[in-house]
Amino acid sequence: MKKVIATLNAPGAIGPYSQAIDTGTFVFASGQIPINPADGKIPDGIKAQTQQAIANAAAILNEAGLSLDNVVKTTVYLHDMGDFQAMNEVYAECFSAPFPARSAVAVKELPKKVLVEVEVLAVR
9 MKKVIATLNA PGAIGPYSQA IDTGTFVFAS GQIPINPADG KIPDGIKAQT
59 QQAIANAAAI LNEAGLSLDN VVKTTVYLHD MGDFQAMNEV YAECFSAPFP
109 ARSAVAVKEL PKKVLVEVEV LAVR
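Counting in this note's numbering, the sequence shown runs from 9 upward without gaps.
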């Protein structure tokens, strides 16, 4: 079983992909960049962008009947690894113990020139 998850409470897909796919056991969410779905704006600074990206991921999970507590793995893409500590502070406020497994990598560039993108994998 493969069910598409879509919500207007998170930015729509920029290309040919789904916001998330629900397999019945796992929900695989596409990476979320920090676009505010209400006004289409991108907040300034790594902390505000991290908060918005995680809020977007949470909105998608909510549409699937889940929450950030269901997340078992995240991948955080940073434009600049110098932003790691600030991102990590916000991340620690959004997720609770036991924290999901995580990868954090620096990339050359992200869509719309944002500073961070957050991808989540959740389990029912």
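Where a beta carbon is used, it is the ideal one built from N, C-alpha and C, also for glycine.
A56 is the residue among T33, I50 and A56 whose C-alpha sits nearest the C-alpha of Y99.
The C-beta distance from A61 to Q40 rounds to 5 Å, short enough to fall under 8 Å.
In the three-state DSSP reduction, D30 falls in the strand class (E or B). By the Cβ rule, the segment 89-99 does not count as touching the segment 70-79, because fewer than three pairs are nearer than 8 Å. Scanning the segment 39-101 from its first residue to its last, the whole alpha helix (DSSP H) runs of 4-plus residues come out as 54-71. The DSSP-derived three-state label of K11 is strand.
Counting C-beta atoms within 10 angstroms of its own C-beta, S38 has 16 or more neighbours from the protein chains shown and is therefore classed as buried. If you draw a 10 Å sphere on the C-beta of I22, you find fewer than 16 other C-beta atoms in it, and that means exposed. Across the structure, K10 and V35 are spaced so that their CA atoms are roughly 10 Å apart.
A buried status is given to T82, since no fewer than 16 other beta-carbon atoms sit within 10 Å of its beta-carbon. Residue range V124 to V131 is occupied by the beta strand (DSSP E) that includes E125. Restricting attention to R132, D30 and L123, the CA atom closest to the CA of V113 is found in L123.
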